[in-house]
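**Student:** In the numbering used here, the protein residues as written are 516 to 800.
Ideal placement from N, C-alpha and C gives every residue a C-beta, glycine not left out.
Owing to the predicted nature of the structure, the values given are computational and were not obtained by experimental measurement.
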């Protein structure tokens, strides 16, 4: 997306939401306080049809963030050249204000797993992820943001902490980072870590977006709390509190509400965005 002078748009330091087609008319009629939208790239990599027509209308009014979920940045094999070409075509005509992907893998040989799977943090995986990011940024001609994962286990072979791994990836590739605060809370709970200490160690200067979403609560086989990053409910109060801590250290950032399952009517999602707006205003004051 370009501004009126023809320069690339940046995401505003304001609330955004993950776009869902059932909200199209409500967003066009009264989006406040939402100032930008995120789409999942893989939903818009075809040709023609209503989804692309709606996206073109939205892009005339809002900065758009494109979020990839299927590129398998952490996979052992090469990036899928056909997937990369379709992604390049989408970003080419849409000219989004931001593009991001996950620190995860989802492919093995010719098989695709419909999940975002974790990887050990070693020198080998760091080099592979950095190579893939270099290839992606070169293909797209833009800087990408890499998102921290939600974790349910830790690898004994890891030689980096997650925050050190992300710091080094950003240093080597020049990419930015997407900080998902709900992912931090989920991982910290599941792995018995301090979420505030994770935020304190995170390279916040590299953060281009912050995400919030809902999670489900369960128990593991030993009765310990187990959180699932479901994006299927409102943001939990402890995650809002962790966001407060984050923004006090980082300053205001573009802030996205994700709600991908059990998607509510627009007023419910807008209410979450209003809460995000109030928090941003408090930090900026």
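I'd like to know whether the C-beta atoms of residue 693 and residue 719 end up nearer to each other than 7 Å.
**Tutor:** Contact: no.
**Student:** Excluding five sequence neighbours on each side, which residues of the same chain lie with their C-beta closer than 8 Å to the C-beta of residue 624?
**Tutor:** The pLDDT assigned to residue 624 is 49, lower than 50, so where the model puts this residue is not dependable; a value taken from the coordinates is nonetheless given after this. Result list for residue 624: 592, in chain order.
**Student:** Between the beta-carbon of residue 723 and the beta-carbon of residue 689, is there less than 7 Å?
**Tutor:** Taking 7 Å as the Cβ cut-off, residue 723 and residue 689 do not qualify as a contacting pair.
**Student:** Going by DSSP in three states, residue 781 sits in which element: helix, strand or coil?
**Tutor:** Reduced to three states, the DSSP call for residue 781 is helix.
**Student:** Going by CA-CA distance only, name the one from 700, 596, 696, 695 that's closest to residue 653.
**Tutor:** Checking every option, the nearest Cα to that of residue 653 belongs to 596.
**Student:** Find the nearest neighbour of residue 584 within the set 577, 557, 791, 527, judged by alpha-carbon distance.
**Tutor:** The residue with the shortest Cα to Cα distance from residue 584 is 557.
**Student:** Between residue 702 and chain C, is any beta-carbon pair separated by less than 7 Å?
**Tutor:** This model lacks chain C altogether, as it is built from one protein chain only.
**Student:** Excluding the 5 residues preceding and the 5 following residue 650 in the sequence, name in chain order all residues of the same chain whose CB lies nearer than 7 Å to its CB.
**Tutor:** Here the set comprises 594.
**Student:** Assign residue 591 to one of three DSSP states: helix, strand, or coil.
**Tutor:** If DSSP states are grouped into helix, strand and coil, residue 591 belongs with coil.
**Student:** Less than 7 Å separating the beta-carbons of residue 710 and residue 703?
**Tutor:** Taking 7 Å as the Cβ cut-off, residue 710 and residue 703 qualify as a contacting pair.
**Student:** Quick one: grab the DSSP three-state call for residue 752.
**Tutor:** Correct three-state label for residue 752: helix.
**Student:** Going by DSSP, what residue range makes up the beta strand (DSSP E) through residue 774?
**Tutor:** Premise fails: residue 774 is in no beta strand (DSSP E) and is neither H nor E.
**Student:** Thinking C-beta only, is residue 665 closer than 7 Å to residue 744?
**Tutor:** It is a contact, given that the beta carbons lie within the stated cut-off.
**Student:** Looking at the structure shown, is residue 552 part of a helix, part of a strand, or coil, going by DSSP?
**Tutor:** DSSP places residue 552 in strand when its eight states are reduced to three.
**Student:** For the putative contact between residue 757 and residue 696, defined by C-beta atoms under 8 Å, what is the C-beta separation to the nearest angstrom?
**Tutor:** Right, their Cβ atoms sit about 5 Å apart.
**Student:** Would you call the CB atoms of residue 795 and residue 767 closer than 7 Å?
**Tutor:** Their beta carbons are under 7 Å apart, which means residue 795 touches residue 767 by this criterion.
**Student:** Drop a sphere of 10 angstroms on the beta-carbon of residue 721, count the other beta-carbons inside from all chains shown, and report buried for 16 or more, exposed for fewer.
**Tutor:** With 16 or more Cβ atoms within 10 Å of its Cβ, residue 721 is classed as buried.
**Student:** With a cut-off of 8 Å on the beta carbons, I'd call residue 526 and residue 566 a contact; round off their distance for me.
**Tutor:** Between residue 566 and residue 526 the Cβ distance is about 22 Å, and since that is not below 8 Å, they are no contact.
**Student:** Given residue 810, which residues of its chain have a CB within under 8 Å of its CB, disregarding the five upstream and five downstream residues?
**Tutor:** One cannot answer for residue 810 here, as it falls past the ends of the chain, which runs 516 to 800.
**Student:** Here's the rule: buried if 16 or more other CB atoms are within 10 angstroms of the residue's CB, otherwise exposed. What is residue 572?
**Tutor:** It is exposed - the Cβ of residue 572 has fewer than 16 other Cβ atoms within 10 Å.
**Student:** Quick one: Cα of residue 797 to Cα of residue 587, how far?
**Tutor:** Between residue 797 and residue 587, the C-alpha separation is close to 37 Å.
**Student:** Would you kindly work out how many angstroms separate the C-alpha atoms of residue 670 and residue 676, rounded to a whole number?
**Tutor:** Roughly 11 Å between the two C-alpha positions.
**Student:** Which residue's Cα is closest to the Cα of residue 612: 632, 640, 750, 574?
**Tutor:** Selected option, being the one with the closest Cα: 574.
**Student:** Please list the segments of the alpha helix (DSSP H) lying wholly inside the region 703-769, counting only runs of 4 or more residues, in order along the chain.
**Tutor:** Counting whole runs of 4 or more residues, the region 703-769 contains the alpha helix (DSSP H) stretches 710-716, 752-765.
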